[in-house]
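Under numbering that gives the first Met the number 0, read the sequence shown as residues 0 to 310, first letter to last.
Reading through the structure tokens given below for one structure.
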Amino acid sequence: MAVSLQTTLAGIPLESCLMNASGVHCTTEEQLRDLIQADTGALVTKSCTLEYREGNPLPRYASIPYGSINSMGLPNQGIRYYLGFIEKHQKESEKPLILSVAGLSRKENMELLRMADACENLPLIEFNLSCPNVPGKPQTGYDFDETRSLLEEAFTVCRKPIGVKLPPYFDMAHFEGMAGILRAFPLAYACCVNSLGNGLWLDVESETVSIKPKGGFGGVGGLYIKSTALANVRMFSLLLPGTDVLGCGGVQTGKDAFEHILCGASVVQIGTCLWEEGVACFTRIAGELKDIMEQKGYQNINEFKGKLKER
Ligand code: RRO
């Protein structure tokens, strides 16, 4: 039986439902080229600002027992670098290259969106509403009024398809509140979730925190956040019918990817596991996912996408 991982993202056909999570292995041209070569269906850049940013002091990423903690602080090459790469490579690549933007002010965000809008070969933009690690800057996605007003302006300055990267939510009122805001816009997709903001991981022997920035506070990824990620994928899929939901959080195996799709994900992103294992993870996870589908008699992901059963 031929098992296919094909999917669509905002109407664009993808050969595989697996891709990187923004921030991991996507800051330099070399890394982006690796992702084009790898078993991915699409790829997204590191979130960018107008100018190059060095980011927070090292160490700013730590592997912890079931995942990771990071406070990178938005290190990136500046938007021109990524637009240049996309202009050059999107024509040759059949995979959509998504530009992630994360300005530090409304003015910067609008300028980034204007520049992205003018890039002929760019098919999709990811608007990061959830960076947890810039000192003094709260996550936009937790401020509903600011999110609504930012999106109103974003969709006036930019005509290209825009998806949003959301922080994890934990309360039914917040799922419904955010979904109510998003419903008012022609969103290309909602990506759930960014890292679980401001966790803390310690080393008991030395009695110190594990990363340097922000006194050790950082975004948690990996298995720790899988249940939260699945809950967000599930809720936003139910609350935003007709909008693609991208699942991100705790995907290490084909089974994890299967679970995200069962909750409603059209595309599954891999972050911590890609950092730890490198781009070979896509081939391994794709193989494991296909094995599960084959055992269950599924030939494509639409046969089980969003079909999670309640008891
Ligand atoms: O660069 C970062 O510190 C970072 C970003 Br912009 C983000 O969106 N999520 C994250 O975990 N780290």
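Cβ atoms here follow ideal geometry from the backbone N, Cα and C, with glycine treated the same way.
message = Check whether the stretch 221-232 and the stretch 201-209 touch, using three or more Cβ-Cβ pairs below 8 Å as the test.
response = no
task = With C272 as the anchor, note down where its alpha helix (DSSP H) starts and where it stops.
result = 271-276
inquiry  = I'd like to know whether the C-beta atoms of V244 and T39 end up nearer to each other than 9 Å.
reply    = no
task = Return the CA-CA distance between K164 and E302, expressed in angstroms with no decimal places.
result = 26 Å
query = Does the distance from the CB of A187 to the CB of A9 come in under 9 Å?
reply = yes
task = Using alpha carbons as the reference points, say which of P12, Q30, I260, E275 lies closest to Y297.
result = I260
query = When the Cα of I124 is compared with those of S62, I63, L82, which residue comes out closest?
reply = L82
request  = Look up L186 in the DSSP assignment and say whether it is helix, strand or coil.
outcome  = Reduced to three states, the DSSP call for L186 is coil.
task = Please name the residue, chosen from P95, G135, G305, that lies closest to P212 on a Cα-to-Cα basis.
result = Among P95, G135, G305, the Cα nearest to that of P212 belongs to G135.
message = With a threshold of 7 Å on Cβ separation, who are the neighbours of I300 within its own chain once the five nearest residues in sequence on each side are excluded?
response = For I300, the CB contacts under 7 Å within the same chain, skipping 5 residues up- and downstream, are L4, T6, C16, I260 in chain order.
task = Between the Cα of Y141 and those of L31, S99, N193, spot the shortest distance and give me the residue it belongs to.
result = N193
task = Specify, as a first and last residue, the run of the beta strand (DSSP E) that V192 falls within.
result = Where V192 is concerned, there is no enclosing beta strand (DSSP E), given that its DSSP letter is neither H nor E.
ask   = Looking at C-alpha atoms only, which residue of T26, L57, Q36, A37 is the closest neighbour of C47?
value = The residue from T26, L57, Q36, A37 with its alpha-carbon nearest to that of C47 is T26.
ask   = Applying the criterion that 16 or more other CB atoms from any shown protein chain within 10 Å of the CB defines a buried residue, is P131 buried or exposed?
value = buried
message = Give me the residue from L34, N108, L128 with the minimum Cα distance to S92.
response = L34
query = Within the chosen definition, does the stretch 216-226 reach the stretch 57-77 through at least 3 CB pairs nearer than 8 Å?
reply = yes
query = How is the alpha helix (DSSP H) around D290 delimited, first residue to last?
reply = Membership of D290 in the alpha helix (DSSP H) is indicated by the continuous run 279-295.
query = Beta-carbon separation of V267 and M18 under 9 Å?
reply = Result yes, Cβ atoms of V267 and M18 sit closer than 9 Å.
query = Which runs of the beta strand (DSSP E), 3 residues or longer, sit entirely within the stretch 94-173?
reply = 96-100, 123-127, 161-165
query = Across which residues does DSSP place C16 in a beta bridge pair?
reply = DSSP output for C16 lists no bridge partner at all.
inquiry  = Given a cut-off of 9 Å on the beta-carbon distance, is the pair G286 and G246 in contact?
reply    = no
query = Alpha carbon to alpha carbon, what distance is there between L121 and K94?
reply = 11 Å
ask   = Is it true that the CB of G196 sits closer than 9 Å to the CB of G66?
value = no
ask   = In chain order, what residues of the same chain have a beta carbon less than 8 Å from the beta carbon of F257, not counting five sequence neighbours either side?
value = L288, I291, M292, F303
query = Of the residues C280, P74, P64, M114, which one's Cα is nearest the Cα of P56?
reply = P74
ask   = Looking at A189 and the ligand RRO, is the gap between the Cβ and the nearest heavy atom below 8 Å?
value = Residue side-chain check: A189 keeps its Cβ at 8 Å or more from all non-hydrogen atoms of the ligand RRO.
key: Beta-carbon proximity check, L150 vs L181, cutoff 9 Å   = yes
key: beta-carbon G246 near the ligand RRO non-hydrogen atom, thresh 8 Å   = no
task = Identify the continuous alpha helix (DSSP H) that holds L307 and give its terminal residues.
result = Element bounds for L307: n/a, residue is neither H nor E.
query = At what residue ranges does the stretch 28-83 contain a whole run of the alpha helix (DSSP H), taking only runs of 4 or more?
reply = 28-36
key: Contact test: A101 Cβ vs the ligand RRO heavy atom, cutoff 8 Å   = Within the cutoff, so yes.
ask   = Is the CB-CB distance between T282 and A37 below 9 Å?
value = yes
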